[in-house]
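>
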Amino acid sequence: MVNLLILVCLRQREIVRGIPIFAKNGDEVCIMKSQVAVVKGISECIFTRIIMAAPGMLMIPVITQRMQSYRFYKLHPWITFPVEIGLCTLCLLIMIPSALAIFPQEKDLN
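All residue numbers for the sequence shown refer to this note's numbering, where the first residue is 1 and numbers rise by one.
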């Protein structure tokens, strides 16, 4: 939650002033500045961050809790930390590219 508040605080200047909007034909000339585009971009960024973090925060505790019932896990309790780190790494390796691919880097405003 704090991560999302920090995002809004860091982008406060852009929220107030707006971000440059360019013509669709590819010119590098700024047509105008838009505050609506900033709010839309920040909301998409917040949604993306939630999607990136959710699988790791929801699945890893369930998986490690189920693994604790196995005999190997009871004989080697030190393996909890490496397994959790490995699962977290795997979730992030899969979810970061997936979540970032949801929204394009450049978008048309209607």
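We put the beta carbon where it would ideally sit given N, CA and C, even for glycine.
#1: Return the CA-CA distance between Ala101 and Tyr70, expressed in angstroms with no decimal places.
#2: Considering only residues of the same chain and omitting the five flanking positions on each side of Met95, which have a CB-CB separation below 6 Å?
#3: Cutting at 7 Å between CB atoms, please list the residues of its own chain near Gln35, excluding the five before and the five after it.
#4: Nearest-angstrom Cα distance between Val39 and Trp78?
#5: Could you tell me how far apart the beta carbons of Thr48 and Ala99 are, in whole angstroms, since I believe they sit closer than 8 Å?
#6: Might you give, ordered along the chain, the residues of its own chain that have their beta carbon closer than 6 Å to the beta carbon of Thr80, omitting 5 neighbours on each side?
#7: Is it right to say Cys9 is buried, meaning 16 or more other beta carbons lie within 10 angstroms of its own, or is it exposed?
#8: From which residue to which residue does the beta strand (DSSP E) around Phe22 run?
Checking against the coordinates, here is how it stands:
#1: 37 Å
#2: Met52, Pro55
#3: Ile15, Gly18
#4: Going from the Cα of Val39 to the Cα of Trp78 covers about 46 Å.
#5: About 5 Å separates the CB atoms of Thr48 and Ala99; that is less than 8 Å, so the two are in contact.
#6: none
#7: exposed
#8: 19-22
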